[in-house]
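The structure appears right after this line, and notes come after that.
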Amino acid sequence: MINVVITTIDEEILKIRIKGHAYSGEPGHDLVCAGVSAVSIGALNSLHEVDTAFKVTVEDGLVEIVPLYRPSYENKIVLQVLITSLKTIAESYGKYVQIREERRAQA
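Take 45 as the starting number for the sequence shown in the working numbering and just add one per residue.
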């Protein structure tokens, strides 16, 4: 199961964490895992100033994106497209991908 956690505060993204494997097919032929990986890495490749604006972790079975400060307009769009893409995959393959949204109140 791939678990996606989107943490926000007042509509600002604090973290996107994508963890796990879909196991919807044989390794190397798992289309759900491939789809999630493709949209995740595509988003990372599209973010501006990724090395200075985000803390990014990419490991086997884990992608985590944490903005270091309020993202630029362009980066917000990239993050929203990533979230929409992940939600679209989860709608079709909910057995393999689950999304949880955590909304925090402003301190």
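Glycine residues also receive a C-beta, built at the ideal position from the N, C-alpha and C atoms.
CA-to-CA distance, residue j to residue i, given in whole angstroms
i      : j      : result
GLU135 : TYR113 : 30 Å
VAL110 : VAL100 : 6 Å
ALA97  : PRO71  : 33 Å
TYR140 : VAL80  : 11 Å
GLU118 : ASP74  : 31 Å
GLY105 : GLN150 : 31 Å
THR128 : SER84  : 11 Å
VAL102 : GLU146 : 21 Å
With 16 other Cβ atoms within 10 Å as the buried cut-off, status of residue i
i      : result
LEU130 : buried
ALA66  : buried
ILE60  : buried
LEU126 : buried
ILE57  : buried
C-beta contact flag for residue i and residue j at 8 Å
i      : j      : result
ASN89  : GLY64  : no
ILE133 : VAL49  : no
VAL122 : ALA87  : yes
ILE53  : ARG148 : yes
ILE43  : VAL94  : One cannot answer for residue 43 here, as it falls past the ends of the chain, which runs 45 to 151.
SER68  : HIS92  : no
GLN142 : MET45  : yes
Q.
Extract the residue ranges of the beta strand (DSSP E) inside the segment 56–116, only unbroken runs of 3 or more that lie entirely within it.
A. 56–64, 98–103, 106–111
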